[in-house]
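Heads up, the thing below is written out as structure tokens.
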Amino acid sequence: MTGPGQGGTSADTLKRAYLTMERLQRRIEEYERARSEPIAVVGVGCRFPGGVTDTETYWQLLVNGVDAIRDIPADRWDNAAFYDEEQGKPGVINTRSGGFLDRIDRFDHDFFGISRREALAMDPHQRLTLEVAWEALENAGQAPTALAGSRTGVFMGVASSDHVTARIRGPEDVTAYTSSGAALSFIPGRIAYLLDLRGPNVAVDTACSSSLVAVHQACQSLRSGECDTALAGGVNVVLSPVLLISQSQFGSVSRQGRAKSFSDDADGYVRGEGCGIVVLKRLSDAVRDGDQVLALVRGGAVNQDGRSSGITAPNGAAQREVYRAALAASGVEPHQVGLIETHGTGTRLGDPIEAESLADVYGRPTGSPVYLGAVKTNFGHLEAAAGAAGLIKAALCLAHGEIPPNLHFTRLNTNISFAGTTFTVPTQVTAWPEPEGGRRFAAVSSFGLSGTNAHLILQQADPAPAPAPDERRPASVLPLSARTETALEELARRYRDRLRAPDDTPLADLCHSAGTGRAHFRHRLAAVGADREEVAARLDAFLRGDGDPGLVHDEAEDTDVVFLFTGQGAQRPGMTARLYQTQPTFRRTLDTCAEILRPLLGRPLLSVLFPADPADTRINDTAYAQPATFAVEYATAQLWRSWGVEPAAVLGHSFGECVAACVAGAMSLEDGLAFTVERARIIEQFCKPGTMAAVFAPEAEVAARIADDLDRISIAAVNGPANTTISGERDLVEEICAEFTARGITTKPLHIASAGHSPLMDPVLDPLRKAARRIAFKAPAVPLVSNVTGGLWPWDQAPDAEHWCRHVRRTVRFADGVRTLHDLGYRAFLEVGPAPTLLGLVSDALPPDHDDLLLPSLRPRTDDWEVLLPTVAALYARGATVDWAGFDRDYTRARTVLPTYPFDPTDCWEPPRPWHRTEAPAGTASEAPRQEAATAAPARRRGRRRNSPIPTAEELLGLPEAERLPTLTEQFLRAVQHVLGSASASAGLDEPLTGLGLDSLMAVELRNDLQNRLNVTLQITDFLGGATIRSVARTVLDRLASGDGTSGPAEETPRAHPSPIRRRRRSEERAAADVLAELGEASGGTADALAQLGEADAPGGIADVPARPGDERPSGEDRP
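Going left to right, the sequence shown walks through residues 15 to 1134 as our numbering numbers them.
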């Protein structure tokens, strides 16, 4: 018999079991949702034949029916030497045409921190992919550099080894760059290395279906949680005639030079090249992040033909299976699909098989038309990039609600029947309305030559929700930047045109997207405007070279900003009213201050700041002036901080030091306000009546005049070399001012109720000391400059009560404080106060030729935004950190498509080794090319060696001392230019060498050259980190002068050990042994091989690998 306790236990067990089952059920449901979650296409980058450089030019090519096929360019190979109409003839090509990109010989290697020497050895597939990946991320509104360290995956379809075929004919063509320059895995790997991406990185080779398989794998990786963002697509560049010769013998090449998909006169496919990359995210993440969604990938499938009629023959049964699997994975019925972007190669065998398989799955006798698209008719078969081209086309069709025409279609292939289907081959632009109560769906197919089939189902994206109404900032800031001035000018031109485009995108959205969705580089421009035309006009002014008050053009550098806090006297009724009405962060902070002050002040703070009666000037009373000024300055400082502008140091003037200390973390806001109220009350109650005045004379001259009256008057502040404030008894102050005026020295009375920093403050000290002892002061977290000393407050000490007594009584050494900060390297001063009263004093205290930024936050009788926004622009242009997301956080903003970066490419092209068609019988190899290579090889090897420009030690030391550094610097510049393969180093003798593209193996080469010529010991690290041409030259001279070690053998290279090459911050350096060990792994070499490299006696003996420790970029830039 079961007892009561046992029954209770049984019930508890059942309850626990039920709860466990509930949890498991929820987890299963979450798993199923994740497996089937749509994937959002949030960005696209593409380069296709016909001048396609983005989605807009791609869409125009499609809807205008552009035929982008042209003659095979002469820079690929001499096609006339191979062309022959006879099919199957050995060594010939049956076509003169293809879909080719423009200018693949050019590459912006400087932008990516790659030397020209390395870029010359890189497969153009890699170079093209780098640029398109960057453009795809920018199109997604994603700053590429912001992805560093993220779980971002890269999946690239790559199949062509044309680069190796075209460039390498023998061992003399192989360098240390060959592996990294030619291996297909480096195509996605370069992107991950460039951006420091930590997700999966996969090169996919399934021949013609590579890029669609890559997209499918990326979607699976996103759904599984393996990555959070993915770049997926494919690339194909045609560099060699080999494949066309092979396919001509195979009989699959169109002799007419046009792909005529499904047409009865189709005679084969046309080779094409291009790159297409999409940026993918889980839909829930895209919605959360406010991304623009072009289309959704609902699902897909990949399978294989298996054993079919031939390894290269299409398999209709496998195609049907992959369609059905994709539809099932998507939860979409065949009748919902209105567009199928087909594989559609235009071959006599492939088209009928594909049409039949589609009819079996998608065919239905009635209903809406199903359009069969084939972008290959526009620019040929892009092979590894074909699936990406088709997917991007389908996504654009879904977004635009139109279907572009297939080209070259005359009548349906007689081997194809559309009976029992609603299939249509579009021959003109066709409207594609949304089905009633639903969304448009499209399918995309891609079949690999080796049998791998891919099929994806796309869905029209839901329209973006209408923005909620919110407070409107009256103007916006457009930030633009580039690596070079040339690129910046082109970027400004593109944005000007975008601003004048006929659409209704709000200026605020355009500016927000430019700030948050772009990396920020050295050459900068910022334009302020209230509407699109105003900003466009300012960009016009920049392009003309004209000045404009709403435009700032500067070069960014590492800019730390000093916050200056104004003292009493700058307050006025109504100050910051406009800001309070239109800026939520400022309003919230000021409201917080008002709430803290509510029990401490005699009336509400907001009624003091914003009186109903304009004649109410109670704000000028010390008891209100100081708390009100504190609150306004603190709220303004917090506003700047919310925009990413953090104080690197703080300096207040007189009472302003109280706010500075609070902002620096030396006291809490509650304590700061309470201390300010009590300080003001004590001064008003205990300070004897007096006045203050400015005397525009040096401190020493003023001090000599008041020396006999120090019990009645003092020097209250030293604000500049000839700007001294006196404070004390009114009659004496007026008498002294009259004397100086009579001598032609300007004086100015100050309308302040109390005589601060004078003997009249002595009665204040005891009560102030007691009040200060109630405050929990802390050591400042931000460097704080003391008015008392003019120097930095000790970083590990809290300002105690005695400090605040000295502060109220002693001279304010403001000019000394400014000089202290300038001497420490601070070059930007931002006044955080109701009026720019301190900026003139700062300017006077600085050297006459200074170029420091002196910027206000607010100004009397000027709209608050008219002051704040130009200051934001100036700070950004000089290189100060601005958090553009924070800048707009209080407002509703939407991402929008903007112009992408205008790369500034230079020639990076070594013509392919020429191919020679021979008339030798089939199967007989000609000896001529081999003999040519054998003859050329020794000359090529000899050609790599050179005479060093570096002087010998005797030559250098024989020069006058003043000429040694300039001479060595100039000669070392020439050596650097040689190893880089370009004149990049001429950009600046003080530019970090790694920022010019110098990598570790190049450093070995330079080290050996200098050691051998000058007999001085150098380390690899002397060339890395932040080393520059000038600094290396100086290091060499210093060691020569000190006799620091005549050069012995090069340092021993340790054996390579597993150590991933990763990005270093500027402050990091590593030992030469670690550098060489990493090089060993990067090049797949051994320690012995590296030792041989290290012992090479001339630069010609060393080639390069893509390791760039330090990866320095110019200051003020994001690093791609």
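Note that beta-carbon positions come from the ideal geometry of N, C-alpha and C, so glycine has one too.
Restricted to the stretch 974 to 998, the alpha helix (DSSP H) segments that are unbroken, complete and at least 4 residues in length are 975 to 994, listed in chain order.
Collapsing the DSSP output to three states places Pro773 in a helix. Between the beta-carbon of Gly679 and that of Ala795 there is about 4 Å, and that keeps the pair under the 8 Å contact cut. With respect to the 7 Å criterion, Val227 and Val316 are classified as neighbours on the basis of their beta carbons. Each residue's CA atom was taken as its position, placing Ile720 and Gly704 some 16 Å apart. Shown here for Leu971: same chain residues with a beta carbon closer than 8 Å to its own, the five before and five after excluded, namely Arg978, Leu1054 in chain order. Taking a cut-off of 8 Å on C-beta distances, the stretch 765 to 779 touches the stretch 699 to 718, as three or more cross pairs fall below it. Within the model, the alpha-carbon separation for Ala674 versus Trp898 is close to 25 Å.
For Arg130, the secondary structure class from DSSP, reduced to helix, strand or coil, is helix. Sequence-distant Cβ neighbours of Val622 in its own chain, meaning closer than 7 Å and more than five residues away, are Arg632, Ile633, Tyr638, Ala642.
At the C-beta level, Gly286 and Pro447 stay beyond 7 Å of one another. Inter-segment contact for the stretch 528 to 536 and the stretch 854 to 864 is absent: fewer than three beta-carbon pairs are separated by less than 8 Å.
By the Cβ criterion, the stretch 308 to 323 is not in contact with the stretch 358 to 373, since fewer than three pairs of Cβ atoms, one from each stretch, lie closer than 8 Å.
A contact is defined here as three or more CB-CB pairs under 8 Å, and the stretch 272 to 281 meets this definition with respect to the stretch 417 to 429. The C-beta of Tyr32 has fewer than 16 other C-beta atoms within 10 Å across all chains shown, which makes the residue exposed. Counting along the chain, the unbroken beta strand (DSSP E) around Ser741 starts and ends at 737 to 742. Going by DSSP, Gly404 is part of the alpha helix (DSSP H) stretching over 400 to 414. Cβ neighbours of Glu880 within its own chain (closer than 6 Å, five residues either side excluded): none. By the neighbour-count definition (other C-beta atoms within 10 Å, threshold 16), His864 is an exposed residue. For Phe264, the enclosing alpha helix (DSSP H) has its first and last residue at 256 to 264. A residue is called buried once 16 or more other Cβ atoms fall within 10 Å of its Cβ, and Asp122 is buried on that count. Residue range 1043 to 1056 is occupied by the alpha helix (DSSP H) that includes Arg1048. When only Cα atoms are considered, Asp92 and Asp176 end up about 15 Å apart. Of the candidates Thr1035, His992, Thr966, Leu144, Thr966 places its Cα closest to the Cα of Leu1051. Bounds of the alpha helix (DSSP H) holding Leu513 are 499 to 513.
Using a C-beta cut-off of 8 Å, the stretch 916 to 926 makes no contact with the stretch 545 to 555, since fewer than three inter-stretch Cβ pairs fall below that distance.
For Phe437, DSSP records a beta bridge to Val384. Between Thr189 and the set Leu134, Glu816, Ser495, Thr530, the nearest pair of CA atoms involves Leu134.
In this structure, the alpha-carbon of Asp685 lies about 32 Å from that of Thr876. If you draw a 10 Å sphere on the C-beta of Leu539, you find 16 or more other C-beta atoms in it, and that means buried. In the pairwise beta carbon analysis, the stretch 829 to 840 is classified as not touching the stretch 645 to 657: fewer than three pairs are separated by under 8 Å.
The alpha-carbon of His667 is positioned some 7 Å away from that of Asn801. By a beta-carbon distance limit of 8 Å, Ile417 contacts Leu353. Their separation comes to about 6 Å.
Looking at the backbone, the Cα of Arg90 and that of Met136 are separated by about 16 Å. The three-state reading of DSSP puts Tyr191 in coil, since its state is none of H, G, I, E or B.
Put simply, the stretch 656 to 670 touches the stretch 563 to 579. At least three CB pairs are less than 8 Å apart.
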